[in-house]
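Presented below is the structure to which this report refers.
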Amino acid sequence: MSQASPPGRPLLASALGGLGLLAGMALIAEGGRWLPSDPPSAAPAQGAGDLKPASHVPMHDKRPGEPARKIAEDLIAPPPLDPSGIERIEPRPPLGELGLAPLPTTPMPQDWRGTLLFRPVATSSAVFEAMGRTVAISGTVDIDPDRTCTFDDTAWLCGQRARAAFNAWLRGRALKCLLPPDADRFAIAAPCALGKQDVGAWLVSNGWAMAAPTGIYGKAEVVARNARMGIFGPPQ
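Below, the structure is given as C-alpha cells:
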C-alpha cells in the first residue's frame, strides 16, 4: 500500500513557485532601468587585466638604436679635396720687432755661462769688443765697415753707418752673452742680450746686419727689406 502524502504539502509548493516567479519578474523590470536607450558602439571587450588605452602623446624611445641612415650623401656631404690644389703661403711678418726672434732655445753646454761684458765697443755692424773679448753676434752676417750700398742709383757707405748705429744703440751699456770659459783666447760667436732685448733680433730687424742662412733671424730680415730699413734703405 502507498503512503498518502500530507494534505498541506502541494499548497506550499505552489506558493513557493509563485513567489519565485514574482521575484524573477521584479529583477527583469529593475534591470531594464539600467539599460541605455541606444545600443553602445561596438568596442572590443576588455578583461580585468587589460591595460588602459594608449595616450596620443608621442613617446620617445630611449633605447640605443642603430646609426642614422645617410640620405642623398652625394648632395649633402662635402666634396673630396684634392691636396695638389692646396697652396701654402708664407705667414705674414710680425707687427713689431718685439716678437721677431726670441733668444735661442738650443741648450748650451753646462760650462757655458751668461757673462756680463761692460762698455762694449762695436768694431763692425755685428761684432764688438769688451773686457778683452771679441764677440760676434751669432745668427747674423756682419756688414763690413768698408761696404758700399746702392739705393735708387745712389751709393753710400752703409758699412760705416751700420757700425755707428750699433755703437749708438750700445751706448756703453753691458751686454749679457753666453760664453765658454776659455773665450778670452779667441773671438767667438755668441748670443747676447741687452736687458730683455735680443741683440741679433734688433740688428737684423733694423737692417744693420743680415740673417745667417742657418740662423733664426730670416723673418726679421724680410721685415727690414720690405720696410727699406738700414742698409736696404736710402742713405743715412
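So the sequence shown is numbered by the working numbering: it starts at 1424 and just counts up by one.
For every residue, glycine included, the Cβ atom is placed at its ideal position computed from N, Cα and C.
These numbers were taken from a predicted model, which means no experiment stands behind them.
Query                                                                                                                                                                   : Result
What first and last residue would you give for the beta strand (DSSP E) that runs through Leu1601?                                                                      : 1598–1602
Once DSSP output is grouped into helix, strand and coil, what is the label at Ile1611?                                                                                  : strand
Judging by CA-CA distance, which residue of Leu1593, Ile1566, Met1448 is the nearest neighbour of Leu1580?                                                              : Ile1566
With 16 as the cutoff for other CB atoms within 10 Å, does Lys1619 come out buried or exposed?                                                                          : exposed
In the DSSP output, what is Glu1552 paired with across the bridge?                                                                                                      : Val1544, Thr1557
Could you check what DSSP says for Leu1539 in three-state terms: helix, strand or coil?                                                                                 : strand
Just to confirm my understanding: we take Leu1602, look at its own chain, exclude 5 residues before and 5 after, and list those with CB closer than 6 Å. What are they? : Thr1538, Ala1613
Taking Trp1579 as part of the beta strand (DSSP E), name the residues at either end of that continuous run.                                                             : 1577–1579
Where DSSP assigns a beta bridge to Ala1634, which residues make up the other side?                                                                                     : Thr1563
What number of angstroms, rounded off, separates the C-alpha of Ala1616 from the C-alpha of Phe1574?                                                                    : 31 Å
Under a three-way DSSP split, which group does Gln1620 fall into?                                                                                                       : strand
Taking the continuous beta strand (DSSP E) assigned at Phe1655, which residues delimit it?                                                                              : Phe1655 -> no beta strand (DSSP E), and no H or E assigned at all.
Please check the pair Leu1626 and Ala1553, which I expect to be a contact at CB under 8 Å, by giving their CB distance rounded to whole angstroms.                      : Actually they are not in contact, since the Cβ atoms of Leu1626 and Ala1553 sit about 16 Å apart, beyond 8 Å.
For Thr1571, list the residues DSSP reports as bridge partners.                                                                                                         : Bridge partners of Thr1571: none, in fact.
From what residue to what residue does the alpha helix (DSSP H) around Asn1649 run?                                                                                     : 1641–1650
Distance check for Arg1596 and Met1633, CA to CA, integer angstroms please.                                                                                             : 23 Å
Using beta-carbon positions only, say whether Pro1658 and Thr1577 come within less than 8 Å of one another.                                                             : yes
Less than 8 Å between the CB atoms is what I'm expecting for Pro1568 and Gly1582, so what's the real figure, rounded?                                                   : 4 Å
Roughly how many angstroms lie between the CA atoms of Thr1557 and Ala1643, to the nearest whole one?                                                                   : 25 Å
I believe Ala1647 touches Gly1623 by the beta-carbon criterion, under 8 Å. Please report the beta-carbon distance rounded to the nearest angstrom.                      : Their Cβ separation, rounded to whole angstroms, is 13 Å, which puts Ala1647 and Gly1623 out of contact at 8 Å.
Beta carbon of Leu1598, beta carbon of Pro1514: below 8 Å?                                                                                                              : no
Which residues in the same chain have their Cβ closer than 8 Å to the Cβ of Pro1636, if we skip the five residues on either side of it in sequence?                     : none
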